[in-house]
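See below for the structure under consideration.
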Amino acid sequence: MTMRLASARSYALLSVAAALLTIALKTLAWSITGSVGLLSDALESCVNLVAALTAFWALGQASKPADRNHSFGHSKAEYFSSGLESALIVVAAIGIIWTAAGRLLNPVPISSVDLGLTLSLIATALNGAVAWLLLRAARRFRSITLRADAQHLLSDVWTSVGIVVGIVLVKLTGWLVLDPLIAIAVAINITLTGVHLFRETASGLMDHSLPEAELQSLEAFLTQRSGNGIDFHALRTRVAGSRRFISLHVLVPGGWSVKEGHDYCETIEREIAALVPESHVFTHLEPIEDPLSWQDRNFRWDNETEPL
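In short: position in the sequence shown from 1, add 56, done, that's the working numbering.
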């Protein structure tokens, strides 16, 4: 039976608990073996902890209802978490490279390999299980914060596997230099993860449109509803955390009463909200015969000429 928690914040708390436990296991593994690879793994788990705490805070902010100062809600607070996480990943990578560079010049033997690897593998399995739960929750709550946390944990899983393989190779070959080299490879890998998260965060802050698949589905729906004196234009969408905002102009026969036009817009809004979950739909009613209705497809400032 799959564990199913009530809120996105509950999963963030689960991530916090997992980070604390993995930090303890990986730090113990590093102290036993002296492996700089396991040290880099423990440092990344510290990043996981900070990221999980930030995610817990951001999800709490994002869940607040709209107020006078934030008419569209607080859902963009989720991007604080993913943005900070991307920065922390890069900082951790720099720290790993700095430590590993010293070991390249002065290799240190690794001791108690079996016990250290056992502890590391337990921590890795825990991270993998939590990442799987977070990915399911991210789809359920449409949360970029949980998805970013899950992707980071999955990156941690793969880097941990790489480090374990490296330590085994050191034990088999006696090449101590493999330990810091693999640590540097881990640092490069998690840096790429950080860059990817940063780009996704920037995209969200720039009011990115709906994903292409959802946008095409929405456009197909409007095309299907067009005809018989009804049309649509000025479709605009944006994503803010788990919420979607959709606005469009609805053109109907000018002879309709206000109530007829209003009722039709209400129907369209309900159908779009059902088609695109977690969406807020705004419609603007216009008479289809009026030429002015066809001149407002762009924002007003798009039609203005900048002064020289």
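Note that the Cβ used here is the ideal one computed from N, Cα and C, for glycine as well.
Strand pairing of residue i, partner residues [DSSP]
i, result
"residue 343", "308"
"residue 301", "294 and 336"
"residue 288", "306"
"residue 126", "123"
Length of the line joining the Cα atoms of residue i and residue j
i, j, result
"residue 110", "residue 230", "41 angstroms"
"residue 80", "residue 267", "39 angstroms"
"residue 349", "residue 264", "26 angstroms"
"residue 270", "residue 173", "45 angstroms"
"residue 261", "residue 295", "9 angstroms"
"residue 215", "residue 352", "52 angstroms"
"residue 232", "residue 222", "10 angstroms"
"residue 234", "residue 163", "9 angstroms"
"residue 283", "residue 306", "12 angstroms"
"residue 187", "residue 170", "26 angstroms"
"residue 250", "residue 103", "11 angstroms"
"residue 65", "residue 112", "6 angstroms"
"residue 127", "residue 165", "60 angstroms"
"residue 57", "residue 190", "No answer about residue 57 holds up, because its pLDDT of 42 lies below 50 and its placement is not dependable."
"residue 77", "residue 100", "13 angstroms"
"residue 298", "residue 346", "37 angstroms"
"residue 276", "residue 107", "39 angstroms"
"residue 151", "residue 217", "20 angstroms"
"residue 259", "residue 272", "19 angstroms"
"residue 245", "residue 136", "22 angstroms"
"residue 180", "residue 75", "11 angstroms"
"residue 155", "residue 105", "21 angstroms"
"residue 281", "residue 274", "11 angstroms"
"residue 125", "residue 73", "34 angstroms"
Own chain, CB closer than 8 angstroms to residue i, minus 5 neighbours either side, in chain order
i, result
"residue 247", "145, 146 and 149"
"residue 219", "91, 93, 94, 96, 97, 176, 238, 239 and 242"
"residue 184", "209, 210 and 213"
"residue 308", "285, 286, 316, 317, 320, 341, 342, 343 and 344"
"residue 178", "81"
"residue 339", "303, 304, 305, 306, 321, 324 and 325"
Cβ neighbours of residue i in the same chain (closer than 6 angstroms, five flanking residues each side left out)
i, result
"residue 292", "303"
"residue 153", "240 and 243"
"residue 278", "288"
"residue 142", "250, 253 and 254"
When the options are compared against residue i, the one with the closest alpha-carbon
i, options, result
"residue 335", "175, 301, 352 and 200", "301"
"residue 354", "338, 305 and 290", "290"
"residue 201", "320, 342, 68 and 347", "68"
"residue 256", "235, 217, 140 and 280", "140"
"residue 317", "338, 299, 297 and 342", "342"
"residue 182", "71, 100 and 298", "71"
"residue 337", "142, 346 and 325", "325"
Contacts around residue i, its chain only, beta-carbon distance under 7 angstroms, and the 5 residues preceding and following it disregarded
i, result
"residue 363", "Low local confidence applies: a pLDDT of 48 at residue 363 is under 50, so the model's placement there is unreliable, with the coordinate-based value given in what follows. Nothing listed; no residue qualifies."
"residue 63", "none"
"residue 138", "200, 201, 204, 253, 256 and 257"
"residue 122", "128 and 129"
Heavy atom of the ligand FMN within 7 angstroms of residue i beta-carbon
i, result
"residue 135", "For the ligand FMN, the structure offers nothing, since it holds no ligand at all."
Can you find at least 3 beta carbon pairs, one from the region 154 to 161 and one from the region 230 to 247, that sit closer than 8 angstroms? yes
Are the region 205 to 212 and the region 116 to 124 in contact at 8 angstroms, needing three or more beta carbon pairs? no
With contact counted as at least three CB pairs below 8 angstroms, one residue from each stretch, are the region 214 to 227 and the region 185 to 200 in contact? no
Three Cβ pairs or more, each shorter than 8 angstroms: is that satisfied between the region 305 to 315 and the region 330 to 337? Per the Cβ contact rule, the region 305 to 315 is not in contact with the region 330 to 337 (fewer than 3 Cβ pairs under 8 angstroms).
Between the region 82 to 100 and the region 126 to 143, can you find at least three pairs of beta-carbon atoms closer than 8 angstroms? Flag = no, the region 126 to 143 and the region 82 to 100 do not touch.
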